[in-house]
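Below is one structure, written out as structure tokens, with a few remarks after it.
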Amino acid sequence: MKNILLAVVLAQMMGHKPPVPMTPQQFAQRAPGQSVQIAVRVRSVQRTTVVAELLVHQTDTLSHPTGQSVKLYVASGTPVIMGAPGDIVPGAVLFVYGIVTKSNSVDVKQVVVDTKYVKVE
Numbered sequence: 000m001k002n003i004l005l006a007v008v009l010a011q012m013m014g015h016k017p018p019v020p021m022t023p024q025q026f027a028q029r030a031p032g033q034s035v036q037i038a039v040r041v042r043s044v045q046r047t048t049v050v051a052e053l054l055v056h057q058t059d060t061l062s063h064p065t066g067q068s069v070k071l072y073v074a075s076g077t078p079v080i081m082g083a084p085g086d087i088v089p090g091a092v093l094f095v096y097g098i099v100t101k102s103n104s105v106d107v108k109q110v111v112v113d114t115k116y117v118k119v120e
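For the sequence shown, numbering that gives the first Met the number 0 begins at 0 and goes up steadily by one.
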């Protein structure tokens, strides 16, 4: 997975399009144990638990809120790309790679901090 994310980041740096997160409908169809790639905006952070709002991808620089809550488990040591763990704060926009644990809950494997690049409206 690290090699995949490294390739994605390098592609972005070389002017290639960033990955597109799955739609809310695609996310809703994922069963526990399946991988997901979602965009979220952080609502709250309590230690390793992040409550976030699922976003709908519009363009590479614009997403729309859905109102749907997603609970993220971000273990200590989870790779944070284009930022640091301290950047995971309320209001932050994240691209999350993870595994569904139950409905609307994700065990995060990698995070890309997109706050500087993606506007939510």
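Glycine included, C-beta positions come from ideal geometry on N, C-alpha and C.
Own chain, CB closer than 8 Å to residue i, minus 5 neighbours either side, in chain order
i: Thr100; result: Pro31, Tyr72, Asp106
8 Å Cβ cutoff met for residue i and residue j
i: Gly76; j: Val112; result: no
i: Val119; j: Ile87; result: no
i: Thr65; j: Pro23; result: yes
Distance, residue j Cα to residue i Cα
i: Asn2; j: Asn103; result: Residue placement at Asn2 is poorly supported in this model, since its pLDDT is 49, which falls under 50; the coordinates still yield a value, given next. Distance between the alpha carbons of Asn2 and Asn103: 27 Å.
i: Gly90; j: Arg42; result: 6 Å
i: Tyr96; j: Arg46; result: 19 Å
i: Lys70; j: Val49; result: 6 Å
Boundaries (first-last residue) of the beta strand (DSSP E) holding residue i
i: Gln25; result: That residue, Gln25, is in no beta strand (DSSP E); its alpha helix (DSSP H) goes 23 to 28.
i: Glu120; result: Run containing Glu120: none; DSSP gives neither H nor E here.
i: Ser62; result: 61 to 72
Nonlocal neighbours in the same chain, by C-beta distance under 7 Å from residue i, ignoring five residues either side
i: Ala121; result: Because residue 121 is not part of the residues shown, which for the chain are 0 to 120, the question remains open.
Bridge partners - residue i, DSSP secondary structure assignment
i: Lys108; result: Answer is none; Lys108 lacks a bridge partner.
i: Val95; result: Ile37, Val110
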